[in-house]
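Here the sequence shown stands for residues 453 to 563, where the numbers follow our numbering. For every residue, glycine included, the Cβ atom is placed at its ideal position computed from N, Cα and C.
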Amino acid sequence: MKSWRNLTEGLYATSMAAFGDLVEFRPKPAGAAIQRRVIVDNQNLAVDLGGEVPVASSEPVLSIQLSAFPVKPKQGDEGTILEGLYTGRSFRIIERQEDGQGGAKLPLHWI
453 MKSWRNLTEG
463 LYATSMAAFG
473 DLVEFRPKPA
483 GAAIQRRVIV
493 DNQNLAVDLG
503 GEVPVASSEP
513 VLSIQLSAFP
523 VKPKQGDEGT
533 ILEGLYTGRS
543 FRIIERQEDG
553 QGGAKLPLHW
563 I
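If you want it as C-alpha coordinates, here you go:
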(Lines of atoms letter the chains of each structure in order from A and count residues from 1; the text may use other names and numbers.)
(Lines give C-alpha, C1' and ligand atoms only; values in the text may rest on other atoms or scores of the structure.)
Protein backbone atom coordinates (compact mmCIF):
# COMPACT_ATOMS: atom_id res chain seq x y z
CA MET A 1 0.00 0.00 0.00
CA LYS A 2 1.31 3.44 -0.93
CA SER A 3 1.86 6.03 1.76
CA TRP A 4 0.01 9.33 1.76
CA ARG A 5 3.32 11.12 1.01
CA ASN A 6 3.89 8.96 -2.09
CA LEU A 7 0.38 9.73 -3.31
CA THR A 8 0.81 13.49 -2.83
CA GLU A 9 4.21 13.39 -4.60
CA GLY A 10 2.51 11.76 -7.59
CA LEU A 11 -0.28 14.34 -7.52
CA TYR A 12 2.21 17.22 -7.41
CA ALA A 13 4.25 15.77 -10.29
CA THR A 14 1.15 15.27 -12.45
CA SER A 15 -0.19 18.76 -11.67
CA MET A 16 3.12 20.44 -12.49
CA ALA A 17 3.42 18.55 -15.78
CA ALA A 18 -0.15 19.35 -16.83
CA PHE A 19 -0.62 22.90 -15.56
CA GLY A 20 2.82 24.21 -14.66
CA ASP A 21 4.64 27.13 -16.22
CA LEU A 22 8.40 27.02 -16.72
CA VAL A 23 10.23 29.20 -14.20
CA GLU A 24 13.96 29.86 -13.70
CA PHE A 25 15.10 30.03 -10.07
CA ARG A 26 18.31 31.80 -9.03
CA PRO A 27 19.23 30.89 -5.44
CA LYS A 28 21.05 33.51 -3.37
CA PRO A 29 23.81 34.31 -2.75
CA ALA A 30 25.31 32.70 -5.87
CA GLY A 31 23.69 29.35 -6.58
CA ALA A 32 23.35 27.87 -10.05
CA ALA A 33 20.11 28.76 -11.85
CA ILE A 34 17.64 25.90 -12.35
CA GLN A 35 14.40 25.62 -14.33
CA ARG A 36 11.30 23.91 -12.96
CA ARG A 37 7.60 23.69 -13.77
CA VAL A 38 5.46 25.33 -11.08
CA ILE A 39 1.93 26.65 -10.74
CA VAL A 40 1.81 30.46 -11.01
CA ASP A 41 -1.24 32.01 -9.37
CA ASN A 42 -2.56 34.91 -7.30
CA GLN A 43 -3.34 34.38 -3.63
CA ASN A 44 -6.21 36.34 -2.07
CA LEU A 45 -5.45 38.28 1.09
CA ALA A 46 -7.54 40.18 3.62
CA VAL A 47 -5.57 43.26 4.70
CA ASP A 48 -6.54 44.85 8.01
CA LEU A 49 -5.95 48.60 7.78
CA GLY A 50 -7.35 49.22 11.24
CA GLY A 51 -10.90 49.89 10.06
CA GLU A 52 -14.08 47.93 10.55
CA VAL A 53 -13.86 46.03 7.27
CA PRO A 54 -10.67 44.41 5.94
CA VAL A 55 -9.56 45.34 2.42
CA ALA A 56 -9.26 42.56 -0.16
CA SER A 57 -5.98 42.28 -2.01
CA SER A 58 -3.92 39.63 -3.77
CA GLU A 59 -0.29 38.70 -4.25
CA PRO A 60 1.49 36.53 -6.79
CA VAL A 61 2.39 33.07 -5.52
CA LEU A 62 4.13 29.98 -6.87
CA SER A 63 3.03 26.47 -5.85
CA ILE A 64 5.94 24.04 -6.00
CA GLN A 65 6.83 20.40 -5.42
CA LEU A 66 9.71 20.54 -2.92
CA SER A 67 11.28 17.25 -4.03
CA ALA A 68 11.81 18.74 -7.52
CA PHE A 69 14.44 21.11 -6.10
CA PRO A 70 17.97 20.10 -5.09
CA VAL A 71 17.88 22.95 -2.53
CA LYS A 72 14.59 24.33 -1.20
CA PRO A 73 13.82 27.83 -2.51
CA LYS A 74 14.03 30.38 0.28
CA GLN A 75 13.30 34.00 1.14
CA GLY A 76 15.36 36.34 -1.04
CA ASP A 77 15.91 33.91 -3.92
CA GLU A 78 15.01 35.39 -7.29
CA GLY A 79 13.75 34.10 -10.61
CA THR A 80 11.98 34.76 -13.87
CA ILE A 81 8.76 33.34 -15.34
CA LEU A 82 9.79 31.81 -18.70
CA GLU A 83 6.33 30.91 -20.04
CA GLY A 84 2.69 31.49 -19.24
CA LEU A 85 0.61 34.53 -18.35
CA TYR A 86 3.50 36.32 -16.63
CA THR A 87 6.25 35.49 -19.17
CA GLY A 88 9.30 37.68 -18.63
CA ARG A 89 8.36 38.88 -15.14
CA SER A 90 11.11 38.67 -12.54
CA PHE A 91 10.42 38.04 -8.87
CA ARG A 92 11.90 37.75 -5.39
CA ILE A 93 10.56 35.14 -2.95
CA ILE A 94 9.02 36.71 0.17
CA GLU A 95 8.88 33.45 2.18
CA ARG A 96 8.42 29.68 1.85
CA GLN A 97 5.17 28.26 3.24
CA GLU A 98 5.48 24.46 3.36
CA ASP A 99 2.23 22.50 3.42
CA GLY A 100 3.58 19.44 5.25
CA GLN A 101 2.69 17.18 2.30
CA GLY A 102 5.70 17.78 0.03
CA GLY A 103 4.61 21.08 -1.48
CA ALA A 104 5.00 24.75 -0.69
CA LYS A 105 3.65 28.15 -1.64
CA LEU A 106 6.12 30.91 -2.41
CA PRO A 107 4.56 34.38 -2.12
CA LEU A 108 6.38 36.75 -4.48
CA HIS A 109 7.36 40.35 -4.94
CA TRP A 110 7.66 41.42 -8.60
CA ILE A 111 10.99 43.12 -9.34
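Determine the direct distance from the alpha carbon of residue j to that of residue i, and round the result to whole angstroms.
i: Ala-520; j: Ala-498; result: 31 Å
i: Lys-480; j: Ala-508; result: 32 Å
i: Asn-458; j: Tyr-538; result: 31 Å
i: Glu-504; j: Asp-493; result: 29 Å
i: Glu-550; j: Ser-455; result: 19 Å
i: Ala-484; j: Leu-501; result: 40 Å
i: Ala-470; j: Val-513; result: 18 Å
i: Arg-541; j: Val-523; result: 22 Å
So residue i packs on residue j, CB below 8 Å; how close in whole Å?
i: Ile-546; j: Asp-529; result: The Cβ separation is near 10 Å, so there is no contact.
Is the distance from the Cβ of residue i to the Cβ of residue j below 7 Å?
i: Pro-506; j: Leu-558; result: no
i: Gln-553; j: Thr-460; result: yes
i: Leu-462; j: Arg-489; result: What sits at residue 462 in the sequence shown is Gly, not Leu. Result no, Cβ atoms of Gly-462 and Arg-489 do not sit closer than 7 Å.
i: Arg-478; j: Gly-536; result: no
i: Gln-495; j: Glu-511; result: yes
i: Ile-516; j: Ala-556; result: yes
i: Val-475; j: Ile-563; result: no
i: Phe-543; j: Leu-560; result: yes
query: Fully enclosed by the segment 485-533, which beta strand (DSSP E) runs are 3 residues long or longer?
result: 486-499, 507-517 and 530-533
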